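Asker: Below you'll find the structure I mean.
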Amino acid sequence: MNNKGLTLVEVIATLVVLSIVALIVTPNIAVSIKDYKKRTLESQLSAVEGATKNWVADNIDKVNCTDDDSSALMVDINKLQTDAYLDEKLKNPNGGYLDSTDTFGLVSCKTVVDETNNLETNYKYTYGAFLSINDYLEHMAIEYVKDNNNIDATVTTSTLQNEKYVYRTIKNLDGISVSIPSKTISVKVTTTNDGKYNYETKMN
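Taking this note's numbering, I'd label the letters of the sequence shown as residues 2 to 205.
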């Protein structure tokens, strides 16, 4: 029976191999975790948006329709949960639960021309769900960049409002106007290995 242990050279070689494996595997794991959190959060916000649609269907009289599509109604996540449109304790993949954040559903209504001529007026509803007002601004900045040929850009709240990406007025269910901060948002566009665009935002 050979009881000879590993030599110093063999130990070093083993450590080198393990280090190389770690260098290869660790970034992939980090990317996978980040991607998982992103997809999970998108799914949770989609649930909030769906709940907002159902809430509006039962409370249509509380949504004011305008000709210029410049205002929106905020329905916070706690209201959706209290009224049983959304399950309680919706997990935030970044930690905690969404009901402990400023998460809200957003709905706007615009009067449009009825091309069938069957109705005097017709209405178009637009929905969204966001973690906070700042999250809303960042999402709209990304949409602005996407619509402008995927180039890096720096935009302000004022620009987003002028270009009708951000509503000029957002009111909560109590009829109180929600403060929309004046921000400058930088959007950096990169391309992933599979040719998809990735958008990173920085807010000042």
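Where a beta carbon is used, it is the ideal one built from N, C-alpha and C, also for glycine.
Computed from a prediction, not measured in an experiment: that's the story for all the values here.
Can you check whether the C-beta of residue 111 is within less than 8 Å of a C-beta belonging to chain C?
Answerer: Chain labels in this structure do not include chain C; a single protein chain is all it has.
Asker: Exposed or buried, what is residue 57 when buried is set at 16 or more other beta-carbons lying within 10 Å of its beta-carbon?
Answerer: buried
Asker: Taking C-beta to C-beta, are residue 132 and residue 88 nearer than 8 Å?
Answerer: no
Asker: Using a Cβ-Cβ cut-off of 8 Å (strictly less than) and excluding sequence neighbours within five positions of residue 2, which residues of its own chain qualify?
Answerer: Low confidence applies here, because residue 2 scores a pLDDT of 48, under 50, leaving its location unreliable; read the following figure in that light. None.
Asker: What are the residues that DSSP puts in a beta bridge with residue 111?
Answerer: Answer is 67 and 125.
Asker: Check the C-beta distance from residue 178 over to residue 170 and give it rounded, since I have them as a contact under 8 Å.
Answerer: 6 Å
Asker: Between the C-alpha atoms of residue 53 and residue 38, what's the straight-line distance to the nearest angstrom?
Answerer: 23 Å
Asker: I'd like the span of the alpha helix (DSSP H) that includes residue 80, first residue to last.
Answerer: Annotation for residue 80: the continuous alpha helix (DSSP H) segment containing it runs 78-83.
Asker: Which residues in the same chain as residue 162 place their Cβ atom closer than 6 Å to its Cβ, once the five residues preceding and following it in sequence are excluded?
Answerer: Taking C-beta separations shorter than 6 Å and ignoring five residues to either side along the sequence, the partners of residue 162 in its chain run 169, following chain order.
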